Structure formats: structure tokens, C-alpha cells
Amino acid sequence: MIIYNYVFIGMLLLGAIGFAMAPVIVMGILGPKKRSKSKSEIYECGLLTTGETWVRFRIQYYIYAIMFLVFDIETVFLYPWAAAYESLGLFALVEMVIFLLILAVGLVYAWAKGVLKWV
Amino acid sequence: MNQILFGVIATLGVLAALGTVLARNLVHAALFLVAFFFLVACQFVMLEAEFLAAVQVLVYIGAVAIILMFGIMLTRNIQGDDTTTVSKAGFISGGLAAAGLLAVLVFGILDDEGRTGRAGWRDVTTRPAVYPVAARASAEQTKAVNNMGFVVGRELLTRYLIPFEVAGVLLTAALVGAIALAVQDGPSTDDPAERAKKAAEHTAAAETEPQLTSA
Amino acid sequence: MHDIPLTWFLIFASACFVIGLLGVLVRRNAIAVLMAIEIMLNAANINIIAFWRYSVPGPEESPVSGPMLAIFVITIAAAEVAVGIGLILLCYRRRASADVDQYDSLSG
Amino acid sequence: MNVATDWALPLVWAQQSELDSIPWLKWIIVLAVVFFGIFPGIVAYMVWGERKVAGRFQDRIGPNRVGPFGLLQPIADAIKLITKEDIVPRTADQWVHLLAPVMILVSAFLVLPVIPFGLGLAAVNPPSGLIYLIAVSSISALGIFLAGWSSRNKYSLLGAMRAVAQLVSYEVPQVMSVIPVILWTGSLSMVAIFDRQVEYGWFIFSPPGLLAFILLTIANIAEVNRTPFDLPEAESEIIAGYHTEYSGMRFGLFFLAEYLSVFAVSCLGTAVFLGGGTLPWPFTGEPVVTLGSGQGLLSLILVNLPLIGIFMAKVGLYVFLMFWIRCTLPRLRVDQLMSFAWKVMVPLSIINVFIAALWYEFVFRPGRPNYLLGWGVTAPLVLISVIVVLSIYKAQMKADLAASPTSRRRIATAN
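Chains as they are written, first to last, in numbering that gives the first Met the number 0: chain Z, 0 to 118; chain A, 0 to 214; chain L, 0 to 107; chain E, 0 to 414.
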């Protein structure tokens, strides 16, 4: 069963969470506890922080995320294609060229529109 | 063992889904959604579709969650604002509608008779074996379960060729559409006049803009 | 060693679907609605894979029909999120609000 | 073709065992000893090594007080971190603040079990190992975002947004640069990739393989946020980026996660392109197969001891390369960083996939291995595509700079 492998990965996941939490808990027990108001303030090189955390973010962040999403899904198609290439031959290569050309249109559009520029 | 695992995953999954719907803070809701995605990936593993589980984690946790977070940040819901509240009347009526649908679905699932020649859903208690030893195992299905990446690739470029290319067109359309929507004003958002206009719209925002150069 | 009955997966999926529906109905924030839609799509995917795994494909059918459908659903869901967030950002810029109840200029 | 299936494998457990026959004790021992003992130990001494190396590069000595050659320094550091005060900002989101570093560390740990360290020495061998690997390594971007968000600090949030933008941009070439390997192996399993290299020699010894390896290395360095790609924690601009509000062991978790991912990506590069634990060509195939073909435990130990040694030596070299780059190059500007990913790395890795398919046709296609023709066709193609893409990129950058004289000022205030 394929689950068999993943039981080990699940155990590793739980173990890693424990491995990460344990020293933090130990630190909570061992470390000094001298609370003060200014210590629990937000760090801003000595200045008090003003206003809320919100900053006007650039729309570029969203653009990069979208591009990443599209290319991520492209990988989901590319990986099986690459794995099966052996039994498919040149026809598959041509099909993949077409697929990637279609997607390249998006990249070229983004490039031409100037949204890949970080300014 | 199988059933206990399923029970744990399903319980956590339903709780995570509820958390997504009920959490007031949008980032917390998105976090619950990530947990839900992960538990769905676990369910895919339980269904022996581990390729799909990896795809689920890659696309949903790796990409969709990031986009949602960026969306939340860009719409100024840093700590969750008032549009995240839920009115009581709306909640009760929505809850009733949802509960009704759940009742109908569960009843339908448990009462299914099955089409002619097939067993009803409630009678299907074991999955068809895919081990070479099992007499019922079909070679193709065995391969599909044990090396799904390969079989998906083969099918993608033969039987599902048209959907595959259409998916490419769809993705390009989504990319182009999203960029066109987002940068509707073009790069001009950066020139000072435009900025001043925007800043007037969000007065609070303009005040909090940090002075990065002074840090 | 008992296998999991098919109905368990179906009921889990329908529970998730219904929770997603609840979210679509009661949440007012556009992004929260989008998240609820994602829950519904994922519930549908679980159903698809459960049916695929619990049935034997015919000789003429594809052995991975379920996963293929699920992959396309994931693709479309992702495209939907991309465009959906784009639309929300646009509406937000116009109205400075992500509240779906305010996007009512088309209602008569 | 698949060598591994014929051998007695100590650590790759059978694919089709039932859940009731799980060797719990064995798994727990492996987890405790290898995953939570040896790997963190390696990471601790990587930090020591980096400080020594950086010291040499900067004409210093590096840690030398605690123990001989400062060898006990990592232990002292760990004790120091663990006995510090546990400070969480008052306004921070307590649970998410704790969850974020845990998530990053978990993502770094989850990469490791699919890496084949030797013959049959991968903890698990899922058929979709490589896609599993990239999937779990992409979780860390979310953890970094949450770290920045939960701190309620402008600089943390800024650093986090930058970090995520960088991570997602470089994940695309990272993911696409391993496609040639899948293509040549015909499988997504890491063990199969290793076996294929035992059979055919290292994948780096081909023009598309070399290009893919270089792309993977650059993307790897960016993925683990190291200089010259350390903008998310650029201390001169945004304090310490997304982990500004983390101190004591909470910061230690980020530190551990960073070095663990350095180790993990080095293992990935080694296993995928550098032939795992094998020596170069004349020693790759036959000696390993002959040594490993015995069924006994002894022959497995005999073949695996050198394999693990060579693997670790390669990982060490790879890590040293990253230290070297860190000590040598200055930090990139954010605009250079992003456009380099999208305008150079992504196009090149897409083109490289097709060159790799050509290489497959010439060399790997059963029955006609034609290395001469393969090199003759693919090497010029690789060269031409690199030159073309780079010159387009350069021309573009020049045009941009000429078009907007204020660009430098804008970069300084851009967030």
C-alpha cells in the first residue's frame, strides 16, 4: 500500500513538530522571566512604532504570485509529461512545445506590459 | 488502523473547514484553509492517489494560499476588519440551508441503490485490490495506482490531449486577465500625482507609510 | 484489517461541501467567500478520487480518469482564485471595501 | 533497468506491505537517530564550518575559544539560545508567531526522507518522490509569510512579503530545472533517478544537464535566502526582515531551518545531478553493481560506506560553494533579483527542457546512444540560448535604466 510510505512521513511530521516545539518550551522554563513594558513592544530600532502595521503594498507582489501559480500548474503538467516521455516520443514533444508556447504568451504579455519590472 | 486514521483525518478536516468559515480574522481563516488543504491531501493519500496529494500540497499550499494571503494584505485586512463579521440572522438562515443540504446528501448517499449491474454505494466497503496477487486486479489500474505520475503523463498526451491544451489556454487567459485587472492603471500608479490621489482616498494609509530610507 | 467503506469518504466530502456552502452564504468578505468556494471544490475532488479508487475502469476507459479530472479541477480552481483575487482587488480599489454586499451596482 | 528492486534494501521499505506490518520500533529508531540526531548534528557543524570559512575569507580566525578549534561552539550556542528569555511582542499573534518557525523547520525536515544517500538508503521511496519534495519545500514560503505577519511589525511584514515574492519567483526555475532529470529517468522516484545515474553516469555530464545544474544551484541559493539573495533579511534596509521579532530559541528555529534547508537543497543537487554517492564515469556503473549485487548485509555495508562518504563529500563541496558565494558577492538589488528570475532563469529553464528532450533522443533512447551527435547538437544550442537570453536581458536592463533616470531613487523607497 502506498499509505505505508506516508505513515513514516506522518511520523516524521509529528516528530519534527515536537523537535521544534521542545526547545521553545524548555526556553520558557529555563530562561529568565523579567517582563517589562518596553521589552514587549515592537522592535523598531529604538523608536516607538506609529500607526498600524499596514503598509501600502505594491501590486507587483500579486502579479508575481499569479505568475508563480500559473507556472506551478504548468509544472504539474510538465512532470508527468517528462516521466512518460520515454513511451510517447516526438509527438509528445511537439504537443508540449505548443502548450509551452501558449503559456509563453502570458509571460511575454507580462513582460511587455512592464509588470515584471520592480519599479 | 485504516479506519482510525481516516476518522482522525476526517474529524480534523471538518474542524479545519469550520474554522475557515467561522474565523473572524481573515489570515486565521486562510490558515485553517491551509490545514484543510493539507488534510485533503492526507485523504488523497488514504485513497492511494499520492501523486495527487503532492500536487494538492504544491498547488494549494504552495501557491493558492500565498495568493490568498497577498490578496488579504492588498485589501488591507491586516488584522481583520469589520467586513469579516457575520450577522446572526444570516448565519441562522445560512446554517439551516446548509444543514438541510447535508441531510439530503447524507440520506442520498446512504440510500443509493446503484445503477443496473452495479452495487449501491453503501455496499461498497472495500476498494478493488491492485496487488499482482489479487485476481480482480486489472493491470492498468495497478499501474495507475503505483506509478500515477507516469500514467497521468501518458494519458495527458493521448486521451486527454484536447483538455490539456485547453488548460494551457485557460491558464494563459487567467494570467493575462489577472494582470490586466490588477494593473489597469498601468505603471502610472507610481507617478506622484496618482499617488497623491490614492493617498487622499486612504488617508489613514498615507500616514502609516513607513520611511524605509530612514531605517 | 478493514478497508474504509466508500460512504465514509462520500459523507466526509459532503460535510466539507456543505461547510463551504455555509461559508459562501454567510460570509460578507469577498476573499472569505473565495476561500469557501475552494473548500467546495476540494470536497468535490475527494468525491471524484473516492469513486475512481473504488471502481474498476472498463477496458476502454482511462485508468486514471479520476485523477485527470481532479487535476483539471485543481487547474481551474487555481485560475479562478487568480482571476477572483484580481477582481476583488479591482473592486476594492474602486470602493475601498472587500464587502460583497456593497458590490450591488448591477442590482435593480 | 531498475537496479534497486532486485536488491535487498535495508531502508526502502516494500511498496506494498500492509499497514498492519509497520515496523514501529525500527522506524522510531531511524527517526530518532538519523533525522533528529545526525541531521541536526550535521547542521550544527555546518554553522561552525561556515563561521570558520567566513573567518578565513575575511582574514580572521573564526571561533577558536570553546574547545579545540572551537569545535564545541555549536553546543555553546545552543545552550545560550535555549536559556534566553522567551520574548513575544505584546501585540503579536501568539499562536501564529510560534507556528511560523515550526512550519519552516518542518518543511526543511520533510524534504530529507526521499533523498537516496546510498544504495537503498532512502527512508521512503514514494513513486512521486520528486514532486513530493518540491511540494513540501514550497511550504516554507507560507511559514515565512506568517512569521512576518504575526509579528505586527512593519519591517517584518515588508521582509516577509519580499521574501515570499523572491521565493515564489525562484521556485519556478528551481522546479523546472529538474525536469530534464525526470525526462532522462522516466520516473518521478528519487531512487530511480539515483539508479539511472549508476547506470548511465552523472546527469551533469551533458550540456543540458550542466545548464540545469547551474540554474538549480542559483535557484537553490535564492530559495534558502542566502547572500547574494538575502534581501528578505537585508539588515541595512528592514532590520532583520521577517524574523525581527524573534529572539532566543524561537530565532534559533529559523536559524536551524535555514541551515537544514541549505543541507537539504545540497542533498537535492547532489542526488539529482551529481550522481548521488557514485564516483565519476569509469567508476560509476560496474563497481557499484558488482559490489552491491551480493545479498548479504556485508556487501551492502561495503557498498554503502563509500557511497555515503562520497555523497557527504559532495554535499560538503556544494555547501562550501554556497559559503564561498556568500563571502564573495554583494547583495543584489530587489529589481535585479526579480527580473533575473523571470527574464533569465525561467526562459532558460523552459528552453532547457526541450534541449534535454533532444539529448534524450540522441543518447538515452534505447538502442542508439550517440554521445558525439548529442554533444554536437545540444552544446551549441545551450550556448546560443544562454547568450541570446542574457543579451536580451542586458539590453532590457539598459533600456529601463535609460528610460527612467529616477529609477535609483524609486528603488530606495519601493516596498
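Ideal Cβ placement from N, Cα and C applies to all residues, glycine included. Note that the coordinates shown come from a computational prediction; the quantities given were computed from them, not determined experimentally.
The DSSP assignment places complete alpha helix (DSSP H) segments of no fewer than 4 residues inside the region 291-334 of chain E at 296-327, in order along the chain. For the options E/Ala91, E/Ile86, E/Ile143, E/Leu80, the alpha carbon positioned closest to that of E/Ser150 is the one of E/Ala91. Listed along the chain, the chain L residues whose CB falls inside 7 Å of the CB of Z/Val75 are Ile70. The alpha carbon of E/Ser188 has as its nearest neighbour, out of A/Thr171, A/Glu49, A/Phe163, the alpha carbon of A/Glu49. The criterion of a C-beta distance shorter than 7 Å is satisfied by A/Leu32 and A/Thr19. In the same chain as Z/Ile24, and ignoring 5 residues on each side of it, no C-beta atom comes closer than 7 Å to its own. The beta carbon of E/Gln57 sits closer than 8 Å to those of Cys326, all from its chain and outside the five residues before and after it, given in chain order. Burial of E/Asp334 is indicated by the presence of at least 16 other C-beta atoms within 10 angstroms of its C-beta. The Cβ atoms of L/Leu24 and A/Ala181 do not sit closer than 7 Å to each other. In summary, the residues of the region 101-131 of chain A whose CB is separated from some CB of chain L by less than 7 Å are Leu101, Leu104, Val105, Ile108, Leu109, Trp120, Arg121, Val123, Thr124, Thr125, Arg126, Pro127, in the order they occur in the chain. The Cβ atoms of Z/Met26 and E/Ile133 lie no closer than 7 Å to each other. Annotation: the continuous alpha helix (DSSP H) that includes E/Gly40 extends over 38-56. Annotated three-state conformation of A/Arg23 is coil, per DSSP.
A contact is defined here as three or more CB-CB pairs under 8 Å, and the region 149-169 of chain E fails this definition with respect to the region 180-198 of chain E. In this structure, the beta-carbon distance from Z/Gly30 to E/Lys83 falls below 7 Å. Collapsing the DSSP output to three states places A/Asn1 in a helix.
Nothing from the region 318-348 of chain E brings a Cβ to less than 7 Å from some Cβ of chain A.
A direct Cα-Cα distance of roughly 17 Å separates E/Val376 from E/Phe202. For E/Ala134, the C-beta contacts it makes with chain A under 9 Å involve Ala40, Ala52, Ala53, Val54, Gln55, Val56, Leu57, Val58, Ile60, Gly61, in order along the chain. Going by C-alpha positions, E/Pro329 is about 50 Å away from E/Pro22. For E/Asp194, the secondary structure class from DSSP, reduced to helix, strand or coil, is helix. Around E/Asn124, the beta-carbon contacts reaching into chain Z at under 9 Å are Asn4.
Around the C-beta of E/Asn369, fewer than 16 other C-beta atoms lie within 10 Å, and the residue is accordingly described as exposed.
In the three-state reduction of the DSSP assignment, L/His1 falls in the coil class. Taking 8 Å as the Cβ-Cβ cut-off, the region 27-56 of chain L has no residue approaching chain Z. The region 297-313 of chain E makes no contact with the region 253-260 of chain E, as fewer than three CB pairs between them are under 8 Å.
Take the alpha-carbon of Z/Ala83 and the one of E/Gly185: they are about 6 Å apart. Look at E/Arg59 here: in three-state DSSP terms it is coil, with no helix or strand label. Taken in chain order, the complete alpha helix (DSSP H) segments of 4 residues or longer contained in the region 13-71 of chain L are 29-52. If you draw a straight line from the Cα of E/Asp194 to the Cα of E/Asn124, it comes to about 12 Å. Secondary structure of E/Ile203 (DSSP, three-state): coil. Listed along chain L, the residues sitting closer than 7 Å to A/Met147 by beta-carbon distance are Val63, Pro66.
Close to chain Z, meaning a Cβ-Cβ distance shorter than 8 Å, are the following residues of the region 147-169 of chain E: Ser150, Arg151, Asn152, Lys153, Tyr154, Leu156, Leu157, Met160, Val163, Ala164, Val167, Ser168. For the pair Z/Pro79 and A/Leu155, the CB atoms are nearer than the 7 Å cut-off.
Under the three-state reduction of DSSP output, A/Pro162 falls in the helix class.
Per DSSP, E/His96 is one residue of the alpha helix (DSSP H) stretching across 93-110.
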